[in-house]
Amino acid sequence: MRIPGVQPICFAFGVLSFAGTAAATGYELREQSAVGQGVSFAGAAARNDDPSMIFFNPAAMASLPGMQGAIVGSGIFPAGEATSGTATRNAALGGSRINGTLGGDIALDAFVPATYATVELAPAWRFGLGITAPWGLVTKSPAESIARYHALTSSLRTVNITPALSWQVLPNLALGAGLQIQYASARLSSGIDFGAIGATQGLAGFVPGTRDGRSTASGTDTALGFQLGAQWEPLIGTRLGLAFRSAVFHEVTGDATFEGVPFPLSLSPSFANTGARSKLVTPETLHLGLSQRIDSRWTLLAGLEWTNWSRFRELVVAFDNGRAPSVTEEKWRDSVFLSIGGEYRWSEALTLRAGFAYDQTPVREADRTPRIPDNDRYWLSVGASYQIHRNVTLSAAYTHIFVDDATVTLRDPGPNNTNLFRGNLDATYRASVDILTAQLRFAF
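Heads up: the sequence shown begins at 1 in full-length UniProt numbering, then just goes up one per residue.
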């Protein structure tokens, strides 16, 4: 039995890279340091005063004496829901309304940990290790959502293990390099309108919207990348930082399964469980930072980060059973993250921070999906560090992120297309994010 226009994994595996994040545009997570977050990560590539800064620039540890470590935990509390929306089936299926709810809050709370350690090998050399989760998080729509045929659950989790080395080349110049060992795990699901599929085959008792099922795909991979960085102090009190994080290219392999497939559609190879593979790229970033000491108490910080999202032009999914690959155009664009902030040293033990950032979305409006109803974001952050012991410093930060309303406009192209049966979707999403981060730093 052949089901026209249906390639099974396109319903589930075909948007693997769209697992999303609740705290930053695309699927990037910057929440790796309470010290950095307190100023909205302004000047992060130019800082050399905390072990957590090696996430942003491996040259940052060149000025850290002895042995140091940091433990970081971020609680991310997003809110994202459709404020309005309608969905209809393709005209070839009668153009009927897709019944359901707007979906409620699709963004799930998350905890993002990170840990760092640095050691002085020699006067000019430092070794460091960072364990972080730089990409991911989860969005989830209920089974009755009007967007269910486009997206139900989307989950991407990563773990980076990054050994790094820094060299103090000159008194005012430090270089650094690190290796990224990155593990990625993805899982996502979508609803399938088996009633509509059966109706197109003339099967008795099949009516659009009456026999929903679900497709689920999951996969994992481990791949390598690298980091490079430099910090230069042209004048006393002025430090510039430049850091590059390479892309990591994953070949995610896993399984695709289908639930609720009614007879006789269950006899079709289109809905047989199979293995599948999809490429996932965590893109390269280039980060420029400035730290300018004004006086003994005030420091001004500024940063610019560029992310190469434009390499994500299309997603190609290959199937283990020999089926022709599924190709989905994505057309993401490069984005920038602009930040400015300041620190005030209240006393020898207490430092206060505040910052603002503009976070540009890589998602074009024409290509936005309910998996990531993303738009431009604006960060407001405050933070503080307090030295509770001569070897122990406690830092904390709070950020509220304002997100522009996002419009999703998707069209079902009709017969002989892999998106047939998903339907047309028009929806407007409203979102915001709150982030609380705490950090303990140890120095020996």
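Virtual Cβ for every residue (Gly too), placed ideally from N, Cα, C.
Note that the structure is predicted; figures quoted are calculated from it, not measured.
Within the same chain, A354, Y398 come within 6 angstroms of V382 by CB-CB distance, once the 5 residues on both sides are set aside. Put simply, the segment 69–77 touches the segment 427–444. At least three CB pairs are less than 8 angstroms apart. Annotation for L129: A117, P163 place their beta carbon closer than 6 angstroms to its own, counting only its chain and skipping 5 residues before and after. Straight-line spacing of the CA atoms in E31 and S278 works out to 27 angstroms. Annotation for R345: R297, T351 place their beta carbon closer than 6 angstroms to its own, counting only its chain and skipping 5 residues before and after. Out of G80, A79, T101, the CA that lies nearest to the CA of A87 is found in T101.
Leaving aside the five residues that flank T282 on each side, the residues in its chain whose CB is nearer than 6 angstroms to its CB run, in chain order, W135, V248. Rounded to the nearest whole angstrom, the C-alpha separation of A302 and G289 is 6 angstroms. Taking all protein chains shown into account, F402 has fewer than 16 neighbouring C-beta atoms within 10 Å of its C-beta and is therefore exposed. Three or more Cβ pairs closer than 8 angstroms define a contact, and the segment 331–341 meets that threshold against the segment 35–51.
Under the Cβ criterion (8 angstroms, minimum of three pairs), the segment 235–246 does not count as touching the segment 107–122. Look at the segment 122–162 and you find these whole runs of beta strand (DSSP E), each 3 residues long or longer: 125–132, 136–140.
If the five residues before and after G104 are omitted, its C-beta is found closer than 6 angstroms to the C-beta atoms of E81, all from its own chain and listed in chain order. Residue ranges of uninterrupted alpha helix (DSSP H) with 4 or more members, entirely inside the segment 179–259 and ordered along the chain, are 194–200. For the pair of segments examined, the segment 188–201 was found to touch the segment 213–229: the number of CB pairs separated by less than 8 angstroms reaches three.
D320 is not bridged by DSSP to any residue.
The alpha-carbon separation between G178 and P142 amounts to approximately 41 angstroms. Nearest Cα to D412 within the set G423, D405, A114: G423. Distance between N57 and A46, taken at the CA atoms: about 8 angstroms. Look at R311 here: in three-state DSSP terms it is helix.
Considering only H250, S268, E251, V252, the residue with the shortest C-alpha distance to F258 is S268.
Distance from the Cα of G176 is smallest, within the candidate group A151, Y429, Q231, for Q231.
Put simply, the backbone Cα of T428 is about 23 angstroms away from that of E28. Under the DSSP definition of a beta bridge, L304 partners with L288, L338. Straight-line measurement puts the Cα of E233 at about 5 angstroms from the Cα of N172.
Per DSSP, the beta bridge partners of R97 are T88. The DSSP-derived three-state label of L352 is strand.
Note that the C-beta distance between R245 and T274 is not below 9 angstroms.
Shown here, D426 sits in a strand according to DSSP, grouped into three states. In this chain, Q387 is not harboured by any alpha helix (DSSP H); it is covered by the beta strand (DSSP E) spanning 377–389. Under the criterion of beta carbons closer than 8 angstroms, P362 and R333 qualify as touching, at roughly 5 angstroms. Around T407, the same chain offers T428 as residues with beta carbons nearer than 6 angstroms, after the five sequence neighbours per side are excluded.
Per DSSP, A397 lies in no alpha helix (DSSP H) segment; the continuous beta strand (DSSP E) that holds it begins and ends at 392–403. About 4 angstroms separates the CB atoms of S395 and A34; that is less than 8 angstroms, so the two are in contact. When the five nearest sequence neighbours on each side are left out, the beta carbons in the same chain lying within less than 6 angstroms of the beta carbon of T299 are those of R293, E343, in order along the chain. Distance between A133 and Y183, taken at the CA atoms: about 9 angstroms.
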